[in-house]
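In what follows, a structure is listed as structure tokens, so that the remarks can point back to it.
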């Protein structure tokens, strides 16, 4: 083990032929936790850290005039010829004479025409050169904090080091990799073993079993990486709240389309813009309001959305009809099987104002079980129900859900990973959503070299509500929100009016209260206060409220 010395002194005496050398930080201003920013790079040297010096780079060399003590920096490309002011930095005051003696010039020309070699020569001390502005390259052993593997910083740092090369000859310096860097390694590097150096602490995007295994120091098997097509899905809000999933396109379960429900004509319009030819059934009776162009709808009627149109509505004060955005639909009655053979087509076109309320359910034409790939290629969103589980999964979290909405498709770079105790059960790590660092290790793969296991991939990952909203904030297209549905303007016949019966009640109440006030006495009769009169029989504690016909 070498003597304790300042980093600056160690570098001045270092023979570059002996590189690489391993140093241990012993003391200095770079104590645990201090961070310095040099040339855009953060450097933190803590006591006990091991550094591997693998090379030196010359930054500048200072020359001092012996007689006057004046000093200046030599250009890094200086090759030994006599200097003048044009060769030096114009911002510095360089003496006109005695810059360099011919003896220095002879040393340079005899050794080589290179300042780097001259600085490394043993004659350096005799000429009072300073070499305190070197840049040297190091590798870190990640004992305390995770750092990048190669950094550069000046040799003038006030750090005390000790040469421990002999004690750590077999030491291997690891290279930390982010998830993005893992997915950019040569494919020949996989499969490989890796160790987690920094776990994704504070990550609240995932709510699945494999995420709990991503702890610091945990070993992982990295099989490969690639691009995976995924579908974002959500459940209706229930007792446990909404659930969110990202489902790989290779999901093997079977599912049926589920009829959607709509609570207004405007919702029909939005759905038909994504699913042309939308067909629905009326599930609640609606009365006609001729003044506003609202037709009557009966339970069981079938509507097929044809398109949009501007229809004449209420007339304004000038007598001109106002234009109303309406949905044009083909209306038919639902017939029994026996009636379908005898009845002719009695369908007709009707217009439904967008502000019209209603109750509709989507009419599906088939009861087929689909693969996820078949539904993902159609227009989304779609409501579905999983009917057959994915047999490749130990437990399918989608099975048993009452409904699931497939919202949209996206692609994600993933790293296919498994745990060493279950190397054949894999899960996909989404690179973009995991801030963690790994390092490749030389550990043996947990299977024989001749037989690789048959892999089973977990194709369903439950995510959190935060992931759902961050996804829409960062990934989905920024679109203008849909316009609000038009407001219904009530007809003059619907303006609430007071009924004669209500007016009679108010009149009786007013007269009864007036009579009570007249009977009150502010004086005393025979030393006794007059008793309060009983309330009138026709005064009720129920206040006036409009009836349904008045609303």
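Numbering (full-length UniProt numbering), first residue to last: 1 to 551.
Where a beta carbon is used, it is the ideal one built from N, C-alpha and C, also for glycine.
Would you report the Cα separation of residue i and residue j, rounded to the nearest angstrom?
i           : j           : result
residue 467 : residue 208 : 13 Å
residue 347 : residue 290 : 20 Å
residue 558 : residue 323 : Beyond the ends of the chain as shown, which are 1 and 551, falls residue 558; an answer cannot be given.
residue 284 : residue 264 : 11 Å
residue 220 : residue 59  : 42 Å
residue 176 : residue 194 : 10 Å
residue 159 : residue 1   : 17 Å
residue 14  : residue 196 : 36 Å
residue 240 : residue 397 : 15 Å
residue 73  : residue 8   : 18 Å
residue 166 : residue 172 : 14 Å
residue 234 : residue 308 : 30 Å
residue 435 : residue 215 : 12 Å
residue 301 : residue 282 : 5 Å
residue 6   : residue 203 : 42 Å
residue 365 : residue 410 : 28 Å
residue 20  : residue 53  : 5 Å
residue 276 : residue 174 : 57 Å
residue 31  : residue 462 : Per-residue confidence for residue 31 stands at a pLDDT of 42, beneath the threshold of 50, marking its modelled position as unreliable; the derived number appears in the next sentence. Approximately 43 Å, taken between the alpha carbons.
residue 325 : residue 293 : 11 Å
residue 243 : residue 392 : 22 Å
residue 4   : residue 217 : 33 Å
residue 249 : residue 274 : 21 Å
residue 448 : residue 414 : 26 Å
residue 384 : residue 460 : 16 Å
residue 201 : residue 371 : 36 Å
residue 41  : residue 369 : With a pLDDT of 48 at residue 41, under the threshold of 50, the modelled position of that residue is not reliable, and no figure is offered here.
residue 35  : residue 155 : Any reading at residue 35 needs caution, since the residue's pLDDT is 48, under 50, leaving its predicted position unreliable; the model's value is listed next. Distance between the alpha carbons of residue 35 and residue 155 is about 17 Å.
residue 70  : residue 184 : 52 Å
residue 247 : residue 470 : 17 Å
residue 400 : residue 386 : 7 Å
residue 445 : residue 190 : 11 Å
residue 278 : residue 320 : 33 Å
residue 198 : residue 442 : 19 Å
residue 12  : residue 68  : 24 Å
residue 262 : residue 377 : 24 Å
residue 25  : residue 437 : 24 Å
What residues match up with residue i in a beta bridge as DSSP calls it?
i           : result
residue 456 : 425
residue 439 : 195
residue 20  : DSSP, once it has assigned bridges, lists no residue as partnering residue 20.
residue 1   : DSSP, once it has assigned bridges, lists no residue as partnering residue 1.
residue 220 : 194
residue 231 : 247, 409
residue 575 : This structure leaves residue 575 out entirely; the chain is present only between 1 and 551.
Could you check which residue in the options has the C-alpha nearest to that of residue i?
i           : options            : result
residue 236 : 363, 400, 404, 186 : 404
residue 179 : 457, 459, 429      : 429
residue 271 : 381, 70, 154       : 381
residue 424 : 452, 160, 448, 197 : 452
residue 18  : 56, 8, 48          : 56
residue 333 : 351, 303, 352      : 303
residue 168 : 298, 51, 288       : 51
residue 464 : 218, 409, 440, 433 : 433
residue 379 : 231, 368, 252, 26  : 231
residue 416 : 185, 225, 70       : 225
residue 157 : 10, 218, 311, 349  : 10
residue 181 : 457, 439, 471      : 439
residue 327 : 299, 253, 295, 321 : 295
residue 153 : 273, 45, 70        : 45
residue 331 : 318, 353, 349, 321 : 349
residue 187 : 297, 278, 222      : 222
residue 354 : 267, 442, 376      : 267
residue 22  : 258, 49, 164       : 164
residue 287 : 313, 356, 312      : 356
residue 280 : 329, 390, 421, 24  : 329
residue 362 : 389, 213, 257      : 257
Could you pull the start and end residues of the beta strand (DSSP E) that residue i belongs to?
i           : result
residue 188 : Note, residue 188: premise wrong, no beta strand (DSSP E); not H, not E.
residue 244 : 244 to 248
residue 289 : Premise fails: residue 289 is in no beta strand (DSSP E) and is neither H nor E.
residue 215 : Where residue 215 is concerned, there is no enclosing beta strand (DSSP E), given that its DSSP letter is neither H nor E.
residue 50  : 50 to 57
residue 255 : 254 to 257
residue 280 : 279 to 282
residue 261 : 261 to 264
Can you tell me where the alpha helix (DSSP H) with residue i in it begins and where it stops?
i           : result
residue 237 : Run containing residue 237: none; DSSP gives neither H nor E here.
residue 11  : 7 to 12
residue 470 : 465 to 474
Verify the CB distance criterion: does residue i have a CB-CB separation below 9 Å to chain C?
i           : result
residue 230 : No chain C appears in the structure shown, which is made up of a single protein chain.
Fill in: Sequence ranges, beta strand (DSSP E) only - wholly within the stretch 324 to 408, length at least 3
348 to 353, 357 to 362, 382 to 388
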